[in-house]
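Engineer: Chains as they are written, first to last, in the numbering used here: chain B, 1 to 546; chain Y, 1001 to 1546.
I am attaching a structure below and will ask some questions about it afterwards.
If you want it as structure tokens, here you go:
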């Protein structure tokens, strides 16, 4: 029995295009002699469709799309994920298509409702296994989280005898290192049920999420025998041969796909795909980036060029008297290295004009935070004006470290449509910059940009460390506080400085309002700002107590 | 048996202050001879605490606060809501405090996971009823949603005999008209179980939610015999006397509380409380409002004065050459009527300066949308600069109709901390303005402001109807599309104009990105933008099909 996993880039809400993409893969699969072709979870409508699932007409359009797909793929067997509305309830379902019709429907049993997942909001859990034979192989269907809790699964399948292949359709969003967890989950499932497991994951960017593909096939001993491409569409093939009763042998006819070497390479690929898909799926052809000559905006520009091509990227540098000659020149050098369009729009005159206008209201001062933020807001206004005029999407350049502690100006440097590196800690920003240069075989991002002491350049002689702890310490506190929900006491007990820990925690808590109004960006850590972390703005709790 | 419902304004995360507030109410209750004092759902930590519930130290702090409250309230019996961490799970729980200790804990059985609710994300459902006797009255505990599904409740209590009083602790957020539903729920529950029901609701604003109090006491016949104050703290008292077996008689010793006359009055009160609490709980003493002389900003200013007092409100008018003499003068007149501080900061020179700066980049034009948005962004920058300098919160003035179709400028008129009327349709804006004038007994909001044809005044002779349908039609389409999830076809079948319906649907879908970056505001309709309506930004679905 030849199995194919059709991991593809599904677009949320575009059922016609998704059916078309799957029909195309189906035709390839038929040429390759595939008996069972598997598509990802909710592939028909894309993942996550969120509150589109509350629209009855949307659900009806999905049912129709599934019937269309069945009609277009009459040979062999297809498994595809779709939302099913049935007897007043909605299910996260998998359709079995055979002979041009929907032959069976499996409904997901375990609905994740944590992290970025809200499935309890939309779906009822299913209660019935779906098991069938193809070419002598006994197959059980599962969807995503179903195989992540083996105890539940064992109970669910307790009356089902002789499973030889577990098919799992998934929409598992990326974070760095998660592939190891997925490989373990698939391997453990195979071992537990002594059957082959095939795991078909989605590909593509959807708002803050990136799905990284890397569909997996494991043999009954729990060995991963094949993995599909990372961050790309792919059709992964395996042959599953029944041997003795309840036994199958898995072999892979095609050559192994190359995989990312390390987490930096994965993050890079996720940021590129996330940026490309957000831009293109929203109908933009060009992006604008404010280039300061600093490392954050340089990294974003380099990522944007890899995502969209250099013709699609335009850099704008907006110097004031607080910018050094070096940073201004580095912004130009970077643009030249990347081969992108580049404009210089000085903000000095607009700044002076605002300063005199604001001077008319009592209490205005041309020193201090308000005046610093004003510079960032003038830049934001320039970028957004050009965005409106030219129809280009503004990419913002704030990293996770500064987003966490609010070291940014709302409606200033946070102004834009997509915050490419909002989930990338500053220490990772450096690693990614080095990776990009290494990959290019030259200093695409000028060496000075990487080595210079970071500064927002909003006043004379400013350095980030005037306001912030050293980034390596800051990032350590942030990981503990944000990703692991540790208290001040726990962090201090681990040897971190009490004053720094308390300052960071206060800053993170106090800046929730800024993050709430910031654009989405690519999730690359286990817990990103956004749907992953839902904090109240009005919040008097300080994590100092215990 | 004397019962007291202590509806109070709990602050999220401020366990010490909440315990203090409850101790104060306890002392009043003891003076009034109360035997059973009931506080709302999650009163110890405020509602909704969101991802604070993922912090173990937060849960520990809550357990400690409950013990502190028990120690401070040793006489009689107290019921209070708190999050309980028990055997690796978290529950939405109610503690029974007696003799200075926690005597029993009830765990909520039905966890809402729709609309603004995410309880499935945090809590496990409880499985055990908690029933006890006080002064000869047999009491069963329930929490919020538990009583909204009577079939479930009947099953849950099937082995529990002789309940005479059902205590329900709630945190039920306001929307206009919801009180009728709540009264029905409580009455139906009383009738079904032939017992008295007391329903204790929270009061106060929390981010986008307002809790309106109006705790309810119903007798076993399902008659509502008492209701606590709306949008205010209150201690509602009733005497529950056991008569024959399973029978109680309910009487109310104090005089009836006056209640809002209609939905406009409720909405007004919700907007005032929501604005007051967001401002004060976030530590602000003053607010800034950009006054255009139009009805939206006039309404927001009047609401802000009622929320915070005239000394706390500052109006800034920022005219350009596109503003008429009438609107400029009306902005001043409004400020004078309200007695608030008022500044005029013309934007002409900043606009000219930006225009010449942007002219240096190819493609810039001083006509069209980009130039119109630029004016709004200059105003946003002025307001935010003054906000930073003066430490005042900017209130934005966009209504639900324009927020829905994106008739606003991101980082322009959407720039600010709290969007007071973001859930108020334009047709409701007029009703609220009339209500405020009627309440004041004079035209606090100048008559011209109410009667003038609406315009954004960003170009010569502009009217809202150049870009938008008439507001009465627009609002009808919006209600059908947003609140009822109807398709284009359903709306057209109801007699609405096809061209308008399709234009509105496209505009709503296309502007999700703007709403994602907008500040929170008070929810007053059944479905507000925000946690209530979670739509993808990348979304190719059009609701035109069926």
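The C-beta atom is built at its ideal place from N, Cα and C for all residues, glycine as well.
Given the structure is predicted, the values throughout are model-derived calculations rather than measurements.
Take the Cβ of residue 381 of chain B as the centre, count every other Cβ of all protein chains shown within 10 Å, and call the residue buried at 16 or more, exposed below.
Structural biologist: Residue 381 of chain B is buried by the Cβ-count criterion.
Engineer: I'd like the ranges of any beta strand (DSSP E) spanning at least 3 consecutive residues and lying wholly in the segment 88–165 of chain B.
Structural biologist: You should have 89–98, 101–107, 131–134 and 137–143.
Engineer: Is the shortest distance between the beta-carbon of residue 1548 of chain Y and the beta-carbons of chain B less than 8 angstroms?
Structural biologist: One cannot answer for residue 1548 of chain Y here, as it falls past the ends of chain Y, which runs 1001 to 1546.
Engineer: Excluding sequence positions up to five away, which residues of its chain have a Cβ less than 8 angstroms from the Cβ of residue 435 of chain B?
Structural biologist: Hits under 8 angstroms: 264, 265 and 268.
Engineer: Out of B/253, B/217, B/526 and B/542, which one is the CA nearest neighbour of residue 177 of chain B?
Structural biologist: Closest option to residue 177 of chain B, Cα to Cα, is B/526.
Engineer: Thinking residue 288 of chain B and residue 314 of chain B are a contact (beta carbons under 8 angstroms), I'd like their distance in whole angstroms, please.
Structural biologist: The pair is a contact, with the Cβ atoms about 5 angstroms apart (cut-off 8 angstroms).
Engineer: State the start and end residues of the unbroken alpha helix (DSSP H) segment that holds residue 1490 of chain Y.
Structural biologist: 1488–1493 is the extent of the alpha helix (DSSP H) around residue 1490 of chain Y.
Engineer: Alpha carbon to alpha carbon, what distance is there between residue 126 of chain B and residue 86 of chain B?
Structural biologist: So the two alpha carbons sit approximately 11 angstroms from each other.
Engineer: Taking DSSP as the reference, what is the three-state secondary structure of residue 1259 of chain Y?
Structural biologist: It is coil, neither helix nor strand.
Engineer: Against residue 518 of chain B, what residues of chain Y qualify as contacts under a CB-to-CB distance less than 8 angstroms, listed in chain order?
Structural biologist: Under the 8 angstroms cutoff, chain Y gives 1517.
Engineer: Near residue 391 of chain B, what residues of its chain come up, given a Cβ to Cβ distance below 6 angstroms and the 5 sequence neighbours on each side ignored?
Structural biologist: Cβ within range, chain order: n/a, list empty.
Engineer: What's the gap between the Cα of residue 1065 of chain Y and the Cα of residue 1302 of chain Y?
Structural biologist: For residue 1065 of chain Y and residue 1302 of chain Y, the distance between alpha carbons rounds to 39 angstroms.
Engineer: Taking a contact to mean a Cβ-Cβ separation below 8 angstroms, would you say residue 1427 of chain Y touches residue 1413 of chain Y in this structure?
Structural biologist: Cβ atoms of residue 1427 of chain Y and residue 1413 of chain Y: not closer than 8 angstroms.
Engineer: Specify, as a first and last residue, the run of the beta strand (DSSP E) that residue 2 of chain B falls within.
Structural biologist: Note, residue 2 of chain B: beta strand (DSSP E), 2–7.
Engineer: Using a Cβ-Cβ cutoff of 7 angstroms, what residues of the segment 337–359 of chain B are near chain Y? List them in chain order.
Structural biologist: Here the close residues are 343, 345, 349, 350, 353, 354, 357 and 358.
Engineer: Using CA coordinates, which residue listed in Y/1034, Y/1011, Y/1347 and Y/1534 is at the minimum distance from residue 1044 of chain Y?
Structural biologist: Residue Y/1011 is the option with its Cα nearest to residue 1044 of chain Y.
Engineer: Is it buried or exposed for residue 1363 of chain Y, if we count other Cβ within 10 angstroms and need 16 for buried?
Structural biologist: That one is exposed.
Engineer: Any C-beta of chain Y within less than 7 angstroms: which residues of the segment 82–108 of chain B qualify?
Structural biologist: Flagged: no residues at all.
Engineer: Which same chain residues end up closer than 8 angstroms to residue 1016 of chain Y when comparing Cβ atoms and leaving out the 5 residues on each side of it in sequence?
Structural biologist: Cβ neighbours of residue 1016 of chain Y beyond the five flanking positions: 1065.
Engineer: Do we get a CB-CB distance below 8 angstroms when we pair residue 1487 of chain Y with the residues of chain B?
Structural biologist: True, the Cβ-Cβ gap to chain B drops below 8 angstroms.
Engineer: Please compile the residues from chain Y whose C-beta is within a distance smaller than 8 angstroms of the C-beta of residue 58 of chain B.
Structural biologist: By Cβ distance, chain Y contributes 1541 and 1543.
Engineer: Residue 296 of chain B: buried (16+ other C-beta within 10 angstroms of its C-beta) or exposed?
Structural biologist: So residue 296 of chain B ends up on the buried side.
Engineer: Quick one: using the 10 Å Cβ neighbour count with 16 as the cut-off for buried, is residue 453 of chain B buried or exposed?
Structural biologist: With fewer than 16 Cβ atoms within 10 Å of its Cβ, residue 453 of chain B is classed as exposed.
Engineer: Where does residue 281 of chain B land, buried or exposed, given buried means 16+ other C-beta within 10 angstroms?
Structural biologist: It counts as buried.
Engineer: Quick one, which of Y/1005, Y/1518 and Y/1504 has its alpha-carbon nearest residue 1254 of chain Y's?
Structural biologist: With distances taken between Cα atoms, residue 1254 of chain Y lies closest to Y/1005.
Engineer: Taking only beta carbons into account, state which residues of the segment 403–429 of chain B come closer than 8 angstroms to chain Y, listed in chain order.
Structural biologist: Listed by position along the chain: 410, 411, 415 and 417.
Engineer: How many whole angstroms separate the CB atoms of residue 174 of chain B and residue 270 of chain B, which I take to be in contact at a CB cut-off of 8 angstroms?
Structural biologist: At roughly 5 angstroms, the Cβ-Cβ gap stays under 8 angstroms, so residue 174 of chain B and residue 270 of chain B are in contact.
Engineer: If you check the beta carbons only, do residue 38 of chain B and residue 144 of chain B fall under 8 angstroms apart?
Structural biologist: No, the Cβ-Cβ distance between residue 38 of chain B and residue 144 of chain B is not below 8 angstroms.
Engineer: Give a yes or no on whether 8 angstroms exceeds the smallest Cβ distance from residue 125 of chain B to chain Y.
Structural biologist: By this cut-off, residue 125 of chain B is not an interface position.
Engineer: Pick out whichever of Y/1123, Y/1532 and Y/1195 has its Cα sitting closest to the Cα of residue 1423 of chain Y.
Structural biologist: Ranking the options by Cα distance to residue 1423 of chain Y, first place goes to Y/1532.
Engineer: Report the start-end ranges of each beta strand (DSSP E) in the segment 325–386 of chain B that is 3 residues or longer and not cut off at the edges.
Structural biologist: Within the segment 325–386 of chain B, the complete beta strand (DSSP E) runs of at least 3 residues are 341–344.
Engineer: Which bits of chain B does residue 1365 of chain Y rub up against, with CB to CB less than 9 angstroms?
Structural biologist: What residue 1365 of chain Y touches in chain B: 389.
Engineer: Consult DSSP for residue 189 of chain B and reduce its assignment to one of helix, strand or coil.
Structural biologist: Note: residue 189 of chain B maps to helix in three-state DSSP.
Engineer: Could you give the distance in angstroms between the alpha-carbon of residue 501 of chain B and the alpha-carbon of residue 491 of chain B?
Structural biologist: Answer to the nearest angstrom: the Cα atoms are 7 angstroms apart.
Engineer: For residue 1274 of chain Y, does the three-state DSSP call read helix, strand or coil?
Structural biologist: Note: residue 1274 of chain Y maps to helix in three-state DSSP.
Engineer: Using the rule of at least 16 other Cβ atoms within 10 Å of the residue's Cβ for burial, across every protein chain shown, is residue 136 of chain B buried or exposed?
Structural biologist: So residue 136 of chain B counts as exposed.
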